[in-house]
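Heads up: the structure comes next, in structure tokens.
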Amino acid sequence: MKLVTAIVRPFKMEDVKSALEQVGVQGLTVSEVSGFGRQGGHVEVYRGAEYVVNLVPKVKIEILAEDEDAARIVDALVDSARTDRIGDGKVWVVPVETVVRVRTGERGDDAL
Amino acid sequence: MEINSGDTAWVLISAALVMLMTPGLALFYGGMVRVKSVLNMMMMCFLALGVVSIIWVLYGYSLAFGPDSGAGLIGNFDFIGMANTVGEVEGTIPTLAFVMFQMTFGIITCALLAGAVADRIRTIAWIAVIVLWTTLVYIPLAHWTWGGGWIGNQLGALDFAGGTVVEINSGFSALALAIVVGQRIGFRRDPMRPHNLPIVLLGAGMLWFGWFGFNAGSALSAGDLAATAMINTQVCTAAAALAWIFVEKIRDGKPTTLGIASGAISGAVAITPSCGFVNPMGALLIGLAAGAICAWAVSLKYKLGYDDSLDVLGVHGIGGLVGMIGIGLVATTAVNDAGGNGLFAGGGFDLLNKQLIASFATMAYVFIVTWLIAMLIDKVIGFRVSPEAEVSGIDLDQHAESGYELTDTTSGAFAGVGQHGLSEYLQQEGRDEKHEDK
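First to last, the protein sequences are chains A and B.
Residue numbers 111 to 222, in my numbering, belong to the letters of the first sequence in order.
Residue numbers -13 to 424, in my numbering, belong to the letters of the second sequence in order.
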């Protein structure tokens, strides 16, 4: 099993979600996060005082998948989240040891 | 004189309008501070509502508006505890309507000072500021200008609704307070952006609305003069709001919502002394000047190093000065026989000189006396909360509350009623209180 994690632009969230549904993803977890990468931050001005805001808001998406589905999910994520500008985010995949469905106690691929 | 019911109705309504400005100020200021100190800021405003009201009926009105005790500096004790006021008449309105109207001025002027000491002072020290400052600074100033004192009677400077008493006073008192109290931890290092601009704008709107009572109510009658003051207030406030964001557009690249709100307040401030003495075109000029000058003045604190956190000096002190000087330039007796002619209305420098004398005397007196009061409070009570409390948030430290509860996932439990709740709860849990953060 794999855990696919993606950091994407908040406004691309809906596109990403429908692309994932089209490749058969049945569940995902979304969190609002902030961070910085090559994009850098922006400047806000209050009564003439400038503040550099260097943590940029992003959305983090986590999907648990069977091994053979992971590549397709990554492709769907990358295609749907891309704008070709700096700050589009990252996608990475890590192996997962155990998954348990809390309601039934099912384990492994059955729990996905 | 007989009571005029129209005049009385207008002054009663105006008193209620001006009262509403202080909760409006609580929103205006509260939105500008960080999320961890919003309650303390609003509390300081509401404490002014509480404490100044009591002072006013006990002795404040009497010392400000009682018969002059001789030198034009202070009133006497004729009206102490509201003696000799019930059933009496002041002009064409009941004396108590006038007492109430003036009380609301004392409240908001004091509440304005809170903006200079945001996020960092103990509540007991703030209450001491309210009592001492109202007694030794506000009350004498109100007497000087409106209560038969030297500015109004001997000098003959013009101040319709409080350019000296309210605006220059609060601005330069705030500067003295900010200097004695010192900078917030992280000033000029950490971002201290406003945590909620929508409530800043709501507060600014409430202040703008209430200002019609403040200015037009100061006519103390429901006639021509009140109408003039009202339209001047609207024109000047609008012009200053636009002038401020015009400066921002040129200087910073974008017009901001905090800028339009701040600009509106700077215009309302500047028209406060002048609204009963100028015509609407004069008000327009004063507003453009106030918005542009105050938009520049608020950056001074970063250069000079005093932490007047919410720019009481930059908006009220400087805005008040623009309005007082504006009278000396554009006032005309065509508007008000009791007023005067400024430089541009053919009156020469006479009125302008008087306006400058009244302004500088106010600045000097309020700065020095407020500085002395603040030093005394700092020595005897101590202003600052602990650095740990300031960093983690004054709301929790001074009031045991947080402004916002936006998620359901905060951990904890009901710990009983009364101040022993926490220790009993920890005992039940088998934990030692000393090891817990209170």
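For glycine and all other residues, C-beta sits at the position ideal for the given N, C-alpha and C.
A quick note: this is a predicted structure, and the numbers were derived from the prediction, not measured.
- Message: Against chain A, with Cβ distances strictly below 9 Å, would Tyr45(B) count as a contact?
- Response: Your numbering for residue 45(B) matches position 59 in the second sequence. Contacts with chain A at 9 Å (Cβ-Cβ) do not include Tyr45(B).
- Query: Taking just the CA atoms, how far does Ile154(B) sit from Ala208(B)?
  - Reply: Residue 208(B) sits at position 222 when you count from the first residue of the second sequence. Residue 154(B) sits at position 168 when you count from the first residue of the second sequence. A straight-line Cα-Cα distance of about 27 Å links Ala208(B) and Ile154(B).
- Item | With 16 other Cβ atoms within 10 Å as the buried cut-off, status of Ala129(A) | Translated into positions along the first sequence, residue 129(A) becomes position 19. With 16 or more Cβ atoms within 10 Å of its Cβ, Ala129(A) is classed as buried.
- In the DSSP assignment, find the beta strand (DSSP E) that holds Leu174(A) and state where it starts and stops. Along the first sequence, one-based indexing puts residue 174(A) at 64. Its beta strand (DSSP E) spans residues 166 to 175.
- Message: Relative to the C-alpha of Gly398(B), which candidate in Leu408(B), Ile311(B), Ala225(B) has its C-alpha closest?
- Response: Translated into positions along the second sequence, residue 398(B) becomes position 412. Ranking Leu408(B), Ile311(B), Ala225(B) by CA distance to the CA of Gly398(B) puts Leu408(B) first.
- Alpha carbon to alpha carbon, how far is Pro373(B) from Gly432(B)? Give it in angstroms, no decimals. Shown here, chain B extends from -13 to 424; a query on residue 432(B) therefore has no answer.
- Query: When DSSP builds the beta bridges, which residues end up paired with Ile117(A)?
  - Reply: Translated into positions along the first sequence, residue 117(A) becomes position 7. Lys170(A), Lys200(A), per the DSSP bridge assignment.
- Query: What runs of the alpha helix (DSSP H), each 4 residues or longer, lie entirely inside the segment 159 to 211 of chain B?
  - Reply: Runs of the alpha helix (DSSP H) inside the segment 159 to 211 of chain B: 183 to 202.
- Query: Helix, strand or coil: which one does DSSP assign to Glu131(A)?
  - Reply: The residue you call residue 131(A) lines up with position 21 of the first sequence. Here DSSP, grouped into helix, strand and coil, assigns Glu131(A) to helix.
- Can you give the beta carbon distance from Gly17(B) to Pro180(B), rounded, assuming they're within the 8 Å contact cut? In the second sequence, the residue the question calls residue 17(B) occupies position 31. In the second sequence, the residue the question calls residue 180(B) occupies position 194. Right, their Cβ atoms sit about 6 Å apart.
- Item | Which residues DSSP lists as bridging His152(A), in chain order | As a working mapping, residue 152(A) is identified with position 42 in the first sequence. Under DSSP, the beta-bridge partners assigned to His152(A) are Val163(A).
- Message: Determine whether the beta carbon atoms of Phe200(B) and Leu3(B) lie at a separation below 9 Å.
- Response: The residue labelled residue 200(B) in the question sits at position 214 within the second sequence. The residue labelled residue 3(B) in the question sits at position 17 within the second sequence. Yes.
- Anticipated Cβ contact below 8 Å, Ala102(B) with Ala12(B), distance rounded: The residue labelled residue 102(B) in the question sits at position 116 within the second sequence. The residue labelled residue 12(B) in the question sits at position 26 within the second sequence. Not really, about 15 Å apart at Cβ, beyond 8 Å.
- Residue span of the alpha helix (DSSP H) that contains Thr(-6)(B), given as start and end: The count along the second sequence starts at 1 and reaches residue -6(B) at position 8. Per DSSP, Thr(-6)(B) belongs to the alpha helix (DSSP H) from -9 to 18.
- What residues in the segment 216 to 244 of chain B have a beta carbon less than 9 Å from any beta carbon of chain A? The segment 216 to 244 of chain B vs chain A, Cβ under 9 Å: Val233, Glu234, Arg237, Asp238, Gly239, Lys240, Thr242, Leu244.
- Query: So what's Ser345(B) in DSSP terms, helix, strand or just coil?
  - Reply: Your numbering for residue 345(B) matches position 359 in the second sequence. Helix at Ser345(B).
- In terms of residue numbering, what span does the beta strand (DSSP E) encompassing Ser252(B) cover? The residue given as residue 252(B) occupies position 266 in the second sequence. First-last for Ser252(B): 243 to 260, but that is the alpha helix (DSSP H), not the beta strand (DSSP E).
- Message: Can you give me the C-alpha to C-alpha distance between Ala(-5)(B) and Phe198(B), rounded to a whole angstrom?
- Response: Counted from its first residue, the second sequence places residue -5(B) at position 9. Counted from its first residue, the second sequence places residue 198(B) at position 212. Roughly 14 Å between the two C-alpha positions.
- C-alpha gap between Val117(B) and Phe32(B), whole angstroms: Residue mapping note: residue 117(B) aligns to position 131 of the second sequence, counting from 1. Residue mapping note: residue 32(B) aligns to position 46 of the second sequence, counting from 1. Taking the straight line from one Cα to the other gives about 14 Å.
- For Lys170(A), which residues of its own chain have a beta-carbon under 6 Å away from its beta-carbon, when the five flanking residues on both sides are left out? Mapped onto the first sequence, residue 170(A) falls at position 60. Hits under 6 Å: Ile117, Ser141, Val143.
- Query: Near Ile216(A), what residues of its chain come up, given a Cβ to Cβ distance below 8 Å and the 5 sequence neighbours on each side ignored?
  - Reply: The residue you call residue 216(A) lines up with position 106 of the first sequence. Sequence check: residue 216(A) is Glu here, not Ile. Take Glu216(A), set aside five residues on each side of it, and the residues of its chain with a beta-carbon closer than 8 Å to its own are Val210, in chain order.
- Message: Within 10 Å of its beta-carbon, does Ile363(B) have 16 or more other beta-carbons around it, so buried, or fewer, so exposed?
- Response: Counting from one through the second sequence, the residue named residue 363(B) turns up at place 377. If you draw a 10 Å sphere on the C-beta of Ile363(B), you find 16 or more other C-beta atoms in it, and that means buried.
- Task: Would you check if there are 3 or more beta carbon pairs closer than 8 Å linking the segment 322 to 342 of chain B to the segment 168 to 184 of chain B?
- Result: Flag = no, the segment 322 to 342 of chain B and the segment 168 to 184 of chain B do not touch.
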